[in-house]
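Sequence order for the protein chains is A and B. The first sequence stops at residue 420 when you use my numbering, and every number in between is there. The second sequence stops at residue 420 when you use my numbering, and every number in between is there. A virtual CB, placed ideally from N, CA and C, is assigned to each residue, including glycine. Given the structure is predicted, the values throughout are model-derived calculations rather than measurements. Take a look at the structure set out below.
There are 2 protein chains.
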Amino acid sequence: MPNAPRVVIVGGGFGGLSAARALGGEPVDVTLVDRRNHHVFQPLLYQVATATLSPGDIASPIRWILRRYRNVRVLMADVAKVDVAGRTLDLADGGSLPYDYAIVAPGASHAYFGHDEWAPMAPGLKSLDDALEIRRRMLTAFERAEREEDHDARDRLLTFVIVGGGPTGVELAGTLAEMARRTIREEFRNIVTSRTRIVLVDAGPTVLAAFPEPLRDVARTSLQRVGVEVVERTQVTAIDAGGVRLGDHYLPAATIVWAAGVAASPLVATMGMPLDRAGRVIVEPDLSIPGHPEVFVVGDAAAYLHQGDRPLPGVAQVAMQGASHAAAMILRRIAGQPTAPFRYRNYGSMAIVGRGSAVADFGWLRLTGFAAWVGWLFLHIAQLIGFRNRASVFVQWAAAYMTRQRSVRLITGSGTRR
Amino acid sequence: MPNAPRVVIVGGGFGGLSAARALGGEPVDVTLVDRRNHHVFQPLLYQVATATLSPGDIASPIRWILRRYRNVRVLMADVAKVDVAGRTLDLADGGSLPYDYAIVAPGASHAYFGHDEWAPMAPGLKSLDDALEIRRRMLTAFERAEREEDHDARDRLLTFVIVGGGPTGVELAGTLAEMARRTIREEFRNIVTSRTRIVLVDAGPTVLAAFPEPLRDVARTSLQRVGVEVVERTQVTAIDAGGVRLGDHYLPAATIVWAAGVAASPLVATMGMPLDRAGRVIVEPDLSIPGHPEVFVVGDAAAYLHQGDRPLPGVAQVAMQGASHAAAMILRRIAGQPTAPFRYRNYGSMAIVGRGSAVADFGWLRLTGFAAWVGWLFLHIAQLIGFRNRASVFVQWAAAYMTRQRSVRLITGSGTRR
Chain A
3 MPNAPRVVIV GGGFGGLSAA RALGGEPVDV TLVDRRNHHV FQPLLYQVAT ATLSPGDIAS
63 PIRWILRRYR NVRVLMADVA KVDVAGRTLD LADGGSLPYD YAIVAPGASH AYFGHDEWAP
123 MAPGLKSLDD ALEIRRRMLT AFERAEREED HDARDRLLTF VIVGGGPTGV ELAGTLAEMA
183 RRTIREEFRN IVTSRTRIVL VDAGPTVLAA FPEPLRDVAR TSLQRVGVEV VERTQVTAID
243 AGGVRLGDHY LPAATIVWAA GVAASPLVAT MGMPLDRAGR VIVEPDLSIP GHPEVFVVGD
303 AAAYLHQGDR PLPGVAQVAM QGASHAAAMI LRRIAGQPTA PFRYRNYGSM AIVGRGSAVA
363 DFGWLRLTGF AAWVGWLFLH IAQLIGFRNR ASVFVQWAAA YMTRQRSVRL ITGSGTRR
Chain B
3 MPNAPRVVIV GGGFGGLSAA RALGGEPVDV TLVDRRNHHV FQPLLYQVAT ATLSPGDIAS
63 PIRWILRRYR NVRVLMADVA KVDVAGRTLD LADGGSLPYD YAIVAPGASH AYFGHDEWAP
123 MAPGLKSLDD ALEIRRRMLT AFERAEREED HDARDRLLTF VIVGGGPTGV ELAGTLAEMA
183 RRTIREEFRN IVTSRTRIVL VDAGPTVLAA FPEPLRDVAR TSLQRVGVEV VERTQVTAID
243 AGGVRLGDHY LPAATIVWAA GVAASPLVAT MGMPLDRAGR VIVEPDLSIP GHPEVFVVGD
303 AAAYLHQGDR PLPGVAQVAM QGASHAAAMI LRRIAGQPTA PFRYRNYGSM AIVGRGSAVA
363 DFGWLRLTGF AAWVGWLFLH IAQLIGFRNR ASVFVQWAAA YMTRQRSVRL ITGSGTRR
């Protein structure tokens, strides 16, 4: 459609894909831009980091997901700036994309709260490359421990610290504890992997702060039962090549993972709009930005202050519902109709605690233990995009559950990337 | 067993694993050393490079494969030297491993025939990291072509050259052609992926030179049918960042893969033994090395000249049978018995040409087309180590065959590794 309005979508996450699907087949000319060629099912990233699933199980090429929409084009490119005044996306390699409407959904990245120098020692978990790097570090620590003859050095190699007690930190700690205590136990000759120390640290008063208290208590107990040390109300004050300082106490640790903080993608700062403390664009009730009704920001990069007493959480449901709303508002504006405010419908939140154990809060229903775990598993597999992924994940989870083996415990990559 | 004879095995490929299994449960103290933590099923590496299978589908942790053998220890370490006189393995990071008996099976790597400067432009395919790098380059070429507006530059991005017409080169070219012509065709808007040029170059008179002539002809025709340009009797005389020189003709190409030559691992040169032109140790009839009946070399690093008129081929069967033989000879020597010469039993060779097409030579039986492909598929899946791998590969191949989709078309890694 040569004269159709041009809509650009920045980001191929949950938000960007939902926007593209909502606009597929409509009389608009859509271009989705992402710097990666694949969509990642982020709630399962920790399973790649802990060597339970392969990258291909939780990711699909964006082109493939959107191939049926003939009015949607996918470009792999890095957006350097959203030029709101000029109505153009500036690409990092020099190109540019003019637009009539824009949906900006670039997501969030790790935030080290002014300590970016910690990043090389404590990688975060936002992309497949992050997950593969964490997997490489965790597996390499066990390999080096098997060869280490000094007692203290071996203890350090077998100490894993996870900073941040949100769902990602809890899921990482629980799964790692199971791997150390069960899966790999009989494979080593010189070390006792079940003595691995896994420390989950949170600066706040509790893990899973967003969940109701009874569910938090269940999660904490489940983690402790599989051997995770849960350290609450404790701040990480330093991270160096040897370990981590927790308050006044220095803990030698070879592997540290950062699951503590996120901030909006730095891209949205190029828009020149008011941001909140986490770098998110403060959007209007209809998710557009002040003074530019043709530009919408959705997902983790948006601060939506019009519903409830705090911003909406950075979860897939918020991004997907927001993106569908933004797409609908664009079609309304093209049709000359007024826009409407966004209303988020909360269907619940869940976190997995270990093999066969989870907590789920649906508002009207709270589940813990095995029931919550089965619910979590089915919801997530049902949401996975693409037949192969669904079937393959199911086969692998069934196999992992029955045999407790981890067949993707592969150390790849040179480790010099960071 | 504190006083049991110490056997070291260098390498966790087909040879090393077979040796470890043969010695598992015997009255020896076995240490297997590999610089990677995983065994790779090399005949399927090209499937990872062409985004059909995930790394986890064709690789398993060596520790996991050998976990049941309590007298076998696995170390992840880089062997820098086999000190034959001192009966010690010197490790790259400074450690050392004394031995009473050694089985050296480090395999082969790519050989650029004096042109090591070609390596960054034309990666070979020997490890998972190699396969992921080739996958990244192939997929990135299509992504860049979709964005390229210059006609010549786009043609260069859509030209893929595979150097070497052995089984790996043939399999890569055939699978890549199918991906370009069928799998990804409807996903791009600016380029016509079915016009992709795939050029398979061989310096010798024919592709698949080790196969009987009728099978070679079938393979060549099959490749041409899926659109591969087969260029025989043509030498690669130069490779640079822009493309490749074939004889006198310069072909601009963005993606070049080296499948032309292999040489024994440089490790065996540290043993101070006579080597053949490909850098392989010329072994005695029982696979030990001259003057050191306690050291055996097997697999791709050994030149075995005592059977037939040319050295045994570098295939899994030769490595596995040789390793089992070496293990048996060690047990004989410990028991004070004389060793016996190695006899290789050839069960046949196969190469896959494309979706639903292969050639197979069992000596007494030659198969082509679909029958050979089904045979190849079942033999390879049956040999895959580990339940998960077998089930998962089967599901994925079935899905790929039915739907022709490639769900692991993920661009990961920074690309700065080489």
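Output, in chain order, the set of chain B residues within a Cβ distance shorter than 7 Å of residue i.
i: Glu189(A); result: Arg65, Trp66, Arg69
i: Ile193(A); result: The contacting residues do not exist; Ile193(A) stays about 12 Å from chain B at best.
i: Val410(A); result: Gly58
Suppose the cutoff is 7 Å on Cβ atoms and the five residues either side in sequence are ignored; what does the same chain contact list for residue i look like?
i: Thr418(A); result: Any reading at Thr418(A) must be qualified, since the residue scores a pLDDT of 41, below 50, and its modelled position is unreliable; the value itself is stated next. Excluding residues within five positions, none has a Cβ falling inside 7 Å.
i: Lys128(B); result: Ser111, His112
Residue i versus chain A: which residues are under 7 Å apart at the beta carbon?
i: Met78(B); result: Glu145
i: Ala21(B); result: What Ala21(B) touches in chain A: nothing, since even the nearest Cβ is about 18 Å away.
i: Ala61(B); result: Leu412
i: Leu141(B); result: Asn39
In whole angstroms, what separates the C-alpha of residue i from that of residue j?
i: Arg72(B); j: Val10(B); result: 15 Å
i: Ala205(B); j: Gly249(B); result: 10 Å
i: Val35(A); j: Gly301(A); result: 16 Å
i: Ala384(B); j: Pro29(B); result: 30 Å
i: Pro343(A); j: Ser290(A); result: 10 Å
i: Thr1(B); j: Ala360(B); result: The first residue shown for chain B is 3 and the last is 420, placing residue 1(B) beyond what the model contains.
i: Asn39(A); j: Lys83(A); result: 19 Å
i: Gly20(B); j: Gly58(B); result: Position check: residue 20(B) holds Ser in this sequence, whereas Gly was assumed. Approximately 21 Å, taken between the alpha carbons.
i: Leu2(B); j: Trp366(B); result: Beyond the ends of chain B as shown, which are 3 and 420, falls residue 2(B); an answer cannot be given.
i: Pro340(B); j: Arg334(B); result: 7 Å
i: Asp311(B); j: Thr170(B); result: 24 Å
i: His117(B); j: Leu130(B); result: 23 Å
i: His251(A); j: Val163(A); result: 13 Å
i: Leu307(A); j: Ile284(A); result: 7 Å
i: Gln49(B); j: Pro295(A); result: 48 Å
i: Ala61(B); j: Pro45(B); result: 11 Å
i: Tyr346(B); j: Val299(B); result: 15 Å
i: Ala321(B); j: Leu91(B); result: 21 Å
i: Pro421(B); j: Ala328(B); result: With chain B running from 3 to 420 in the structure shown, residue 421(B) is simply not present.
i: Gly176(A); j: Arg146(A); result: 22 Å
i: Met181(A); j: Glu173(B); result: 37 Å
i: Gly324(B); j: Asp132(B); result: 26 Å
i: Arg187(B); j: Arg70(A); result: 12 Å
Below 8 Å on the Cβ atoms is my guess for residue i versus residue j; work out the distance and round it to an integer in Å.
i: Ala280(A); j: Ala266(A); result: 6 Å
i: Gly17(B); j: Ala107(B); result: 3 Å
i: Val232(A); j: Leu202(A); result: 5 Å
i: Asp363(A); j: Met331(A); result: That belief does not hold up - the Cβ atoms of Asp363(A) and Met331(A) are roughly 30 Å apart, past 8 Å.
i: Gly166(A); j: Ala51(A); result: About 14 Å separates the two Cβ atoms, so there is no contact after all.
i: Val355(A); j: Ala221(A); result: 5 Å
i: Arg158(A); j: Ala255(A); result: 6 Å
At 8 Å on the CB atoms, spell out the chain B contacts of residue i, in chain order.
i: Arg279(A); result: Chain B residues near Arg279(A): none, gap ~31 Å exceeds 8 Å.
Starting from residue i, follow its DSSP beta bridges and name the residues at the other end.
i: Val252(A); result: Here the sequence assigns Tyr to residue 252(A), which means Val is not the residue at that position. In DSSP, Tyr252(A) forms a bridge with Arg247(A).
i: Met352(A); result: Ala362(A)
i: Val232(A); result: Leu202(A)
i: Leu99(B); result: Leu91(B)
i: Ala265(A); result: Ser111(A)
i: Val297(A); result: Ala104(A)
i: Met2(B); result: This structure cannot speak to residue 2(B), because chain B is shown only from 3 to 420.
By Cβ distance, which residues of its chain are closer than 6 Å to residue i, with the 5 residues on each side in sequence left out?
i: Trp423(A); result: Nothing about residue 423(A) can be read from this structure; chain A reaches only from 3 to 420.
i: Arg8(A); result: Asp31, Tyr101, Asp102
So, at 8 Å on beta carbons, what are the nonlocal neighbours of residue i in its own chain, with the 5 sequence-adjacent residues on each side left out?
i: Thr414(B); result: Leu134, Arg138
i: Arg197(A); result: Leu160
i: Gln423(B); result: No answer is possible for residue 423(B): the residues shown for chain B start at 3 and end at 420.
i: Asn421(A); result: This structure does not reach residue 421(A), given that chain A is present from 3 up to 420, and the question cannot be answered.
Residues of chain B with a CB under 9 Å from the CB of residue i: which are they?
i: Arg38(A); result: Leu412, Ile413, Thr414
i: Leu134(A); result: Thr414, Gly415
For residue i, return the contacting residues in chain A, with the cut-off set at a CB-CB distance below 8 Å.
i: Arg149(B); result: Leu77, Met78, Ala79, Gly97
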